[in-house]
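Everything on this sheet refers to the single structure shown next.
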Amino acid sequence: MPRNKDIKKVLVIGSGPIVIGQAAEFDYAGTQACRSLKEEGVEVVLVNSNPATIMTDKEIADEVYIEPLTVEVLKQIILKEKPDSVLPTLGGQAGLNLGMELEECGFLKEQGVRLIGTTAETIFRAEDRQAFKDTMEKIHEPVAASQVVNSVEDGVKFTNTIGYPVVLRPAFTLGGSGGGIAHDETELREILENGLRLSRVHEVLVERCIAGWKEIEYEVMRDAAGNCITVCNMENIDPVGVHTGDSIVVAPSQTLGDKEYQMLRSSALNIISELGITGGCNVQYALHPESFEYCVIEVNPRVSRSSALASKATGYPIAKVAAKIALGYTLDEIKNAITGKTYASFEPMLDYCVVKIPRLPFDKFLTAKRTLTTQMKATGEVMSICNNFEGALMKAIRSLEQHVESLMSYDFSDLSMEELDEELRIVDDRRIYRIAEALRRGVSYDHIHDISQIDIWFIDKIAILVEMEERLKKEELTVELLREAKRIEFPDTVISQLTGKSVDEIKQMRYDNGIVASYKMVDTCAAEFQAETPYYYSVYGGENEADGQSQKKKVLVLGSGPIRIGQGIEFDFCSVHCTWAFAKEGYETIIVNNNPETVSTDFDIADKLYFEPLTAEDVENIVNIEKPDGAVVQFGGQTAIKLTQDLMKMGVPILGTDAKDVDAAEDRELFDQILEQTKIPRAAGGTVFTSEEAKEVANRLGYPVLVRPSYVLGGQGMQIAFNDDEIEKFMDIINQIAQDHPILVDKYLQGKEIEVDAVCDGEDILIPGIMEHIERTGVHSGDSISVYPAHTIGEDIKEKITDYTQRLAKALHVKGMINIQFIVMDGEVYVIEVNPRSSRTVPYISKVTGIPIVDLATKVIIGKTIKELGYKPGLQPEAEYVAIKMPVFSFEKLRGAEISLGPEMKSTGECLGIATTFNEALYKAFLGAGVELPKYKQMIMTVNDKDKPESVDVAKRFAALGYKIYATRSTAKYLQEHGVDALRVNKISQESPNVMDLILGHKIDMVIDTPTEGHGDKNRDGFLIRRNAIETGVYCITAMDTANALATSLESALTDFTLVDIAKVKNA
Amino acid sequence: MKAFLILEDGTVFEGESIGAQKEVISEIVFNTSMTGYLEVLTDPSYAGQAVCMTYPLIGNYGITPDMESTRSWVDGYIVRELSRIPSNFRCEGTIQDFLLEQDVPGICGIDTRALTKILRDKGTMNGMITTNENYNLDEILPKLKAYNTGDVVTKVTCKEKTTYPGKGYKVAVLDLGEKQNITKSLLERGCEVTVYPAHTKAEEILGDQPDGIMLSNGPGDPKECTDIIAEIKKLYDSEVPIFAICLGHQLMALATGADTHKLKYGHRGGNHPVKDLVTGRVYITSQNHGYVVDTDNLDAKIATPAFINVNDGTNEGLAYTGKNIFTVQFHPEACPGPLDSGYLFDRFMNMMGGKNNA
């Protein structure tokens, strides 16, 4: 079928802010799809509330709306832009739900707009629990039997029909409390009785237990003519029970024979055909490990995290093909962009093995429960490719950047056998390391399998790695042994550690014996056809396919690795734009990255893509082949910056700011010299290594003080200490990981926080705009609400900031990007920190000012001046819009995580509110973050003594908005004394009704809870209130400034918005 | 022990010996299936060939009860890595033991991707697997060039006719190197299946009065099968419905005046898109063939193309004009590979039903 010519203008819905479970993969899919649509001459209107995305670039779509993703906003955009079609399958669950709502309310029909890529009926049949069950029954596809019961007897009766064990899930309880697995009737009666009591609606879902079965996924494509293919299948190493997003996954499946493989493949095609999906779809299966029995777990009728992984694992561009199918093409009409010869109607064949490992945020949330369950907790993931499984696993481990580089990196050697046996039962992110330890001690495969249900094929692979550790420890390092260790991807550092030889000795031994990495191509077809897209992975042994020859100058762009809190999608935005800018300047571009969710690892972004870990050794292997003319590190976040010294040792020139100047900004003493020389004030402070030194400095400065390690991003390990005890505690935490650099202790100044991103050409600077934070200092900049243009500081302060920025950039000889954070206090401006690299706010400020900062910085790096680029140096005129960046958190996904804001970053994503007035922008920003208030107009306040004076005004504002205010004892007393009609409510420890009952009554809009100074233990009331609020979906505020901002936003609640087309924002 | 793979063009790969330690000369081909190595090893169509698996990890699930014939037919086996242990609930043994039992020599630890690229760029060629470190290229290369798979059908076909009971249509299967799943697919549809040795005379088959005739897959150059082609012409002339797969498809074409030629490196794998020219639908198919029917000079009065390969446009099936005969190049019986085209067996049932109802 040729393309449907009636489709001329399409509204594409994005997925909104990055949260756990919905991350960069949708920017990747959306960007690829938009480019695919534009290729076909379709006009693309894009809406996404997330400003850090590439899909919201004016290069990607024709009209761009960074607006809250609500039905009302979408309706207004449709009325304004009049698209003929809406494509909802690229924006994750968020996009799909919106498309569905627009269709269901009849709006699309009214406006003569059609849904493409799927139909409302398809979405309904895949998403609605009962409809899905009915559909599967109709086509004889098994699902795990389940039934909702209201009594113990009904539960027993139902279980007798399906057999034990069963999973019990009480409805509406916190994080699944009261649930469990029953293996016999006694257990069933016990758990069920308790579960029914705990459930607010007295309901428990009884479901057949399939935990421990193999979890297998298929990515399937179908066109409107009914042609179907599978792109790939994947096997979770962690059996059913751990969310696939938190599982270690391998592609293709390893332990399935052709019979199982084809059985599930046929089932997946059967399902996609019955659902009538046109585009991509993901089907998840539980496969019984001892039979051919299987259950369909879930179907996602859209692109997903798994489809992004499948695309990167195979080279098959699912989103691109899905977009073409939405336009009416059939699979056999769409060219395979990798081979350029074959068509999209084939199935990729891999001649390598792919391993994905999730990036979990437990290094950020020390109190959070590490256990992995069916609730996803990972913020991102890494992928690696090798021609053997062991190698792929080793490469993936070191790609995580969590101070792990082998199976020895988490040390369980001090556990007794009994303890180890017990701990093997723990299902968390360290499970494979415990299995490795068990294998070191000779525990049998069968025993490990019995406990973990992990297939013994994978256990054997871990054993092979453990055996290599032993051999390297005990045997003499022969050439053969070294060759074998490298074949399974032991890094030189680990070989050095095990053999006692130096890293340089090992490297020399490798070079002397020709043990060097060679590169193979990902070509979708196992070499059957010649491929044209240079997408490479490394292996040891075998022919090298990467050709280092080039007529052009070559630049190496280092990516930012997995998405984690503090280093998110923003850095991928920067890497991609930098790559595009270099390409425009005639360079050959080479990207190195390992994150399968991102745009930067799409096969046609750079001239060459190396899908590799970002360690010095892995990068050096690429440098040896490519011999680049330079490398750019300032766009890849801390991941890339950390490689600066190593790149220089390899003889690769660092393009842009010199390494020594990067150091000067990070090194406390050097930086103090610069501040002295430029006469810029900063908070007093000192550098320390030990707790004793830290306490000495803190007492000299006077508490509170800010404690933080150097060379980190996202305020990792940063804390405000109020006394000696806290200093000790924080220093202990920081020093758990050996610090190469001193720890900084600074006087904590509480003032207004200002942030600036600038481009410097060595002489002049260009500041696109000044951003001001709503929250006072003490809350990490990434977690603060940020306003552009700065709205409460005067021209004199702005001039001073511009001047300081200029002085600092010049003193640090910055060529390219610089990011500076300031404190404004009592009319004085202090520097908090300077980062001579791209920052988290770059995409945001680029978009709202219309100034392509990354592009300009890249050109400056190559040697152009700001004047040559047509800009007047200095602070640029302010845009006519107010743009507010709102942080978005994923606390509800992380049980036990402390949610109160502080100097260490906790947000996972952000959204934007842009409008002509401050109030409207603020309202939109809250709305975009999912804060849709008021609902019940009831709130709870419990504030610390320091915040009590300010709480009066906050309470009055909410009372004026019609809010009924509940408060705990001291807060209530204070508010009542100051004329606020607050209702006192009992503390958790007191009798009911207490504050917890209120929260669990589901009638509370929000909780304002400012934590007591210092950080108490997590059993305190405040912690429990905050956690329970978050887990029941109550909005929770922990800073008075945020509360005031919300009041402002609600006071100006609007129904009619001004829509701003970002693509048309131009700077004068 | 070291092993060597020596190609006709002088390329030598050094690896480890697996399976039987014997020297063998054969045609070297590659298969891109990621699962189904056992089905490949036991597919009689590979007789005379050494197969290189492009997927690097082989033997993961061991030996399962999924053999496509009574034994392995490959002359040699070339893999990147054999799994140290197998893991599957149906596993009955290791692939290492299987290769030894079946007396199949092989080589592992070589860069199978590099080998595949050579075969892709230069075309299928002959080669030798040997454990002799003192090989002499000057002696070996002429031998390699001279090698010819020869009359492999005779080698792989059954020795005597066998009947499998069924209550439905009587189907005669001409075993040119049949994969068991063809018979199984017919039995599943209730047929009474009689399998005949490849050199059975047409008169004998027709004399048994089958409702339909199935020409199976098989190895080698179709043009080597001159005797069989003559018999197939007689089957064509009868009015019995015929369904043919792979070699059977090629032989029917040759019997009715069409030509075949050798592909540069063939189609072997489970991901080949094939388009049904009548409906426009595309199916992913299992394939294993080195030769293909020429459609340039096809006489439309005799046959017209029914399927083509979406990748390279080569012929994948023929519909015989005015005849109840239908042939395909690919493998609807799968094993290994996708089951998407299994519906063709139903079509064959209809073809036989049409006759009965006439």
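From first to last, the protein sequence lines are chains A and B.
Per the working numbering, the first sequence starts with residue 156, numbered consecutively.
Per the working numbering, the second sequence starts with residue 257, numbered consecutively.
Cβ atoms here follow ideal geometry from the backbone N, Cα and C, with glycine treated the same way.
Keep in mind that this is a model prediction, so the values were computed, not measured.
Taking only beta-carbon atoms, is residue i less than 8 Å away from chain B?
i	result
A/P1042	no
A/R553	no
A/S446	yes
A/L486	yes
A/E1075	no
A/T688	no
A/A380	yes
Under DSSP, the alpha helix (DSSP H) around residue i begins and ends at which residues?
i	result
A/A1227	Absent from the structure is residue 1227 of chain A, since the part of chain A shown begins at 156 and ends at 1223.
B/G463	A458 to G463
A/T833	R823 to T833
A/E502	Premise fails: A/E502 is in no alpha helix (DSSP H) and is neither H nor E.
B/C591	Run containing B/C591: none; DSSP gives neither H nor E here.
List, in chain order, every chain A residue whose beta-carbon is nearer than 8 Å to that of residue i.
i	result
B/Y599	What B/Y599 touches in chain A: nothing, since even the nearest Cβ is about 12 Å away.
B/L313	Q409, C508, N543 and F544
Under 7 Å Cβ-Cβ, which residues of chain A neighbour residue i?
i	result
B/G292	D413
B/R336	N542
Does residue i have its Cβ less than 8 Å from a Cβ in chain A?
i	result
B/I498	no
B/K611	Summary for B/K611: the model assigns pLDDT 43, below 50, so the residue's position carries little reliability; its value from the coordinates is reported in the next sentence. No, its Cβ sits nowhere closer than 8 Å to a Cβ of chain A.
B/D367	yes
B/N567	yes
B/A370	yes
B/R445	no
B/D322	yes
For residue i, return the contacting residues in chain B, with the cut-off set at a CB-CB distance below 9 Å.
i	result
A/Q417	T291, G292, G526, A590, C591, P592, G593, P594 and L595
A/W612	N316, Y317, S339, I341, P342, S343 and N344
A/Y498	P529, V538, V566 and N567
Could you spell out where the beta strand (DSSP E) holding residue i opens and where it closes?
i	result
A/S240	S240 to L242
A/H1133	Careful: A/H1133 lies outside any beta strand (DSSP E) and carries neither H nor E.
B/D532	T516 to D532
B/Q436	Note, B/Q436: premise wrong, no beta strand (DSSP E); alpha helix (DSSP H) at Q436 to E444.
A/Y690	Y690 to Y695
CA-CA distance, residue i and residue j?
i	j	result
A/T1167	A/A1200	21 Å
A/K955	A/V984	7 Å
B/L507	B/M607	20 Å
A/A839	A/D1211	48 Å
A/S994	A/F790	8 Å
A/A618	B/E270	27 Å
A/Q891	A/G872	11 Å
A/T932	A/Q905	5 Å
Quick one: which chain B residues come within Cβ less than 7 Å of residue i?
i	result
A/I384	I540
A/E502	N527 and I540
A/R420	P594
So with CB distances below 9 Å, who are the chain A contacts of residue i?
i	result
B/E295	D413
Mind pulling the chain B residues with CB within less than 8 Å of residue i?
i	result
A/L505	M290 and Y311
Check whether the segment 340-357 of chain B touches the segment 304-316 of chain B, counting contact only when three or more Cβ pairs, one atom from each stretch, lie closer than 8 Å. Yes, since at least three Cβ pairs between the segment 340-357 of chain B and the segment 304-316 of chain B fall closer than 8 Å, the two stretches touch.
Is it the case that the segment 385-404 of chain B contacts the segment 272-286 of chain B, given that we only count it when at least three CB pairs across the two stretches are under 8 Å? Taking one beta carbon from each stretch, the segment 272-286 of chain B and the segment 385-404 of chain B have 3 or more pairs nearer than 8 Å; the two touch.
Could you say if the segment 996-1009 of chain A and the segment 845-862 of chain A meet the contact criterion of at least three C-beta pairs nearer than 8 Å? Flag = no, the segment 996-1009 of chain A and the segment 845-862 of chain A do not touch.
Decide if the segment 367-380 of chain B is in contact with the segment 292-304 of chain B; the criterion is three or more beta carbon pairs, one per stretch, under 8 Å apart. The way I'd put it, the segment 367-380 of chain B doesn't touch the segment 292-304 of chain B; fewer than three beta-carbon pairs between them come closer than 8 Å.
Can at least three beta-carbon pairs, one atom from the segment 244-251 of chain A and one from the segment 1098-1115 of chain A, be found at a separation below 8 Å? Too few Cβ pairs lie closer than 8 Å, so no.
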